[in-house]
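**Q**
Number of protein chains: 2
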Amino acid sequence: MIDTINVREAIETENGRYAALVREKLKKSNTYLINLMGSPGAGKSSVLLYLASLLKDRIRIGVMEADVDSDVDARLMENAGLLALQLHTGGACHMDAKMTLEGLEHLPLESLDLVVLENVGNLVCPAEFDVGANKKVTILSVPEGDDKPLKYPLMFQVTDCLLVNKMDAAPIFDFDLTRLRENVKPLHPGLPVYPVSARTGAELEAVATYLLHEMERT
Amino acid sequence: MIDTINVREAIETENGRYAALVREKLKKSNTYLINLMGSPGAGKSSVLLYLASLLKDRIRIGVMEADVDSDVDARLMENAGLLALQLHTGGACHMDAKMTLEGLEHLPLESLDLVVLENVGNLVCPAEFDVGANKKVTILSVPEGDDKPLKYPLMFQVTDCLLVNKMDAAPIFDFDLTRLRENVKPLHPGLPVYPVSARTGAELEAVATYLLHEMERT
Chain W
1 MIDTINVREA IETENGRYAA LVREKLKKSN TYLINLMGSP GAGKSSVLLY
51 LASLLKDRIR IGVMEADVDS DVDARLMENA GLLALQLHTG GACHMDAKMT
101 LEGLEHLPLE SLDLVVLENV GNLVCPAEFD VGANKKVTIL SVPEGDDKPL
151 KYPLMFQVTD CLLVNKMDAA PIFDFDLTRL RENVKPLHPG LPVYPVSART
201 GAELEAVATY LLHEMERT
Chain V
1001 MIDTINVREA IETENGRYAA LVREKLKKSN TYLINLMGSP GAGKSSVLLY
1051 LASLLKDRIR IGVMEADVDS DVDARLMENA GLLALQLHTG GACHMDAKMT
1101 LEGLEHLPLE SLDLVVLENV GNLVCPAEFD VGANKKVTIL SVPEGDDKPL
1151 KYPLMFQVTD CLLVNKMDAA PIFDFDLTRL RENVKPLHPG LPVYPVSART
1201 GAELEAVATY LLHEMERT
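Protein chains in written order, with this note's numbering: chain W, 1 to 218; chain V, 1001 to 1218.
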């Protein structure tokens, strides 16, 4: 255990240097980077596609799809008319800042207002790595349960915004939004929480407005 | 990236030595160990509770609950009358063989036929670590989607048995069991796949019978 943790710290220090380079690069091209995180199947791709459909006439969007393997998500994004880049983490369970910088170098940043990095589906590892993004957005889905902040606290501590997806399925799952908020509160008071549905589009216009507002503030 | 992978290999070699110690220990006490894996919220605890209720009059069961933090799951197991031990991975996204051995040392193995290790909710990291278990069981849940084998192939390659949970929710999700089987097949021909529901209990009697049969064969 101790060895593992020390190794992680060493990587993080190097990671911090690369995160600074990512921020510098984004500032130069005036591009906003969102680090989108969540469990496998939480609906990261579906929410992203819906948000992109709301935003694409207002801002220019690029997508980086990080996966352990496959190009399923990048093809999905391209089929929806988005500029998409597939990144493979080579077995790693998260993106780090160096990989993010390499990805950004393959995108025409000067002509993009927003890049969304869809991280590897995972509630643990991505929380530990600053990739240099302007905003961390985490998606939790209703079927995962309202107890997840108790079991994966770091993710809820580090994120800047929480979307609770698949709200349309809430009636058939034992999921209580109030209980979720209570579980989140001690970890991260004031965290914006949006109950949404990528299927019905519920509340995603509000999320799009929030993100545009945050981009303007930067 | 290359550094990270080399570190992982070094850990794995040490891990292999501990996995052998785990196997030796289990053999001595004639205890069977299941490594239960899956995403956060796939239903690992719920399925385990249901299986335990089916098996508890036939075999003596102990549970090790691995979490990054919290003792939510161990309390859940204890409330159901199971002998449960909470393990904290100290931030790590998976259990390794050394941590498993330490956990087993805190259980009265001589009086247990079966120990189930509920791994950290994660489709990536736990797949990479042999904890010395007799059987790897992975739970994928319907809301996660039938494309997950494409995106997290290693888990489906290494597991010995796949349970597809929340089948009762299939009608409201775009989930096709045939498509899932097609996605699994090239990765792991012949993998036993059980569509189940921890809510209705569907097919879990068949899973219990399968596991008892596998235990007898050992």
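A virtual CB, placed ideally from N, CA and C, is assigned to each residue, including glycine.
Terminal residues of the continuous alpha helix (DSSP H) containing methionine 1077 (chain V)?
**A** 1072-1079
**Q** So leucine 1177 (chain V) is in the alpha helix (DSSP H); what residue range does that whole segment cover?
**A** 1177-1184
**Q** Could you run through the segment 1112-1123 of chain V and flag, in chain order, every residue whose CB is less than 8 Å away from some CB of chain W?
**A** Val1120, Gly1121, Asn1122 and Leu1123
**Q** In three-state DSSP terms, what is tyrosine 194 (chain W)?
**A** strand
**Q** Are any of the Cβ atoms in chain W nearer than 7 Å to that of glutamate 1078 (chain V)?
**A** no
**Q** Taking only beta-carbon atoms, is glutamate 1065 (chain V) less than 7 Å away from chain W?
**A** no
**Q** So, for threonine 89 (chain W): in the same chain, excluding its five sequence neighbours on each side, which residues have a beta-carbon less than 8 Å away from its beta-carbon?
**A** Ala66, Asp67, Val68, Met95, Met99 and Val120
**Q** According to the Cβ coordinates, are valine 1142 (chain V) and alanine 1170 (chain V) closer than 7 Å?
**A** yes
**Q** With a Cβ-Cβ cutoff of 7 Å, do leucine 163 (chain W) and isoleucine 139 (chain W) count as a contact?
**A** When the beta-carbon positions are compared, leucine 163 (chain W) and isoleucine 139 (chain W) come within less than 7 Å of each other.
**Q** Grouping DSSP H, G and I as helix and E and B as strand, with all else coil, what is glutamate 1064 (chain V)?
**A** Checking the sequence shown, residue 1064 (chain V) turns out to be methionine, not glutamate. In this structure, methionine 1064 (chain V) counts as strand in the three-state DSSP scheme.
**Q** In angstroms, rounded to a whole number, what distance separates the CA positions of isoleucine 1005 (chain V) and phenylalanine 1156 (chain V)?
**A** Unreliable positioning characterises isoleucine 1005 (chain V) in this predicted model, as indicated by a pLDDT of 37, which lies under 50. A coordinate reading is not provided.
**Q** What does the alpha-carbon distance come out to for the pair aspartate 1003 (chain V) and alanine 92 (chain W)?
**A** The pLDDT assigned to aspartate 1003 (chain V) is 33, lower than 50, so where the model puts this residue is not dependable; a value taken from the coordinates is nonetheless given after this. Their backbone Cα atoms lie some 11 Å apart in a straight line.
**Q** With a threshold of 7 Å between beta carbons, is valine 131 (chain W) in contact with chain V?
**A** no
**Q** In the structure shown, what three-state DSSP assignment does glutamate 1203 (chain V) receive?
**A** coil
**Q** Taking the Cβ atom as the reference point for each residue, do glycine 43 (chain W) and alanine 206 (chain W) lie within a distance shorter than 7 Å?
**A** No. Outside cutoff.
**Q** If we ignore side chains and look at the alpha-carbon of each, how far apart do aspartate 1174 (chain V) and proline 1189 (chain V) end up?
**A** 24 Å
**Q** Exposed or buried, aspartate 147 (chain W), counting other C-beta atoms within 10 Å across all chains shown (16 or more means buried)?
**A** The Cβ neighbour count for aspartate 147 (chain W), taken over all protein chains shown within 10 Å, is at least 16; the residue is labelled buried.
**Q** Taking Cβ to Cβ, would you say valine 131 (chain W) is nearer than 7 Å to alanine 97 (chain W)?
**A** Alanine 97 (chain W) sits close to valine 131 (chain W), with the two beta carbons spaced by under 7 Å.
**Q** Within 10 angstroms of its Cβ, does proline 108 (chain W) collect 16 or more other Cβ (buried), or is it exposed?
**A** exposed
**Q** Given a threshold of 16 other Cβ atoms within 10 Å of its Cβ, counted over all protein chains shown, does alanine 219 (chain W) qualify as buried or as exposed?
**A** Because chain W here runs from 1 to 218, residue 219 (chain W) falls outside it and cannot be looked at.
**Q** What's the C-alpha gap between aspartate 168 (chain W) and glycine 81 (chain W)?
**A** 27 Å
**Q** Pull up the distance between the alpha-carbon of glutamate 1128 (chain V) and that of serine 53 (chain W), whole angstroms please.
**A** Our two residues, glutamate 1128 (chain V) and serine 53 (chain W), have alpha carbons roughly 37 Å apart in a direct line.
**Q** If the cut-off is 8 Å on Cβ atoms, which residues from the segment 1047-1072 of chain V count as contacting chain W, listed in chain order?
**A** Under the 8 Å Cβ criterion, the segment 1047-1072 of chain V contributes Asp1067, Val1068, Asp1069, Ser1070 and Val1072.
**Q** Excluding sequence positions up to five away, which residues of its chain have a Cβ less than 6 Å from the Cβ of leucine 1180 (chain V)?
**A** Asp1146
**Q** Please list, in chain order, the chain W residues whose beta carbon lies closer than 8 Å to that of lysine 1151 (chain V).
**A** Pro40, Asp67, Val68, Asp69, Ser70, Val72, Asp73 and Gly121
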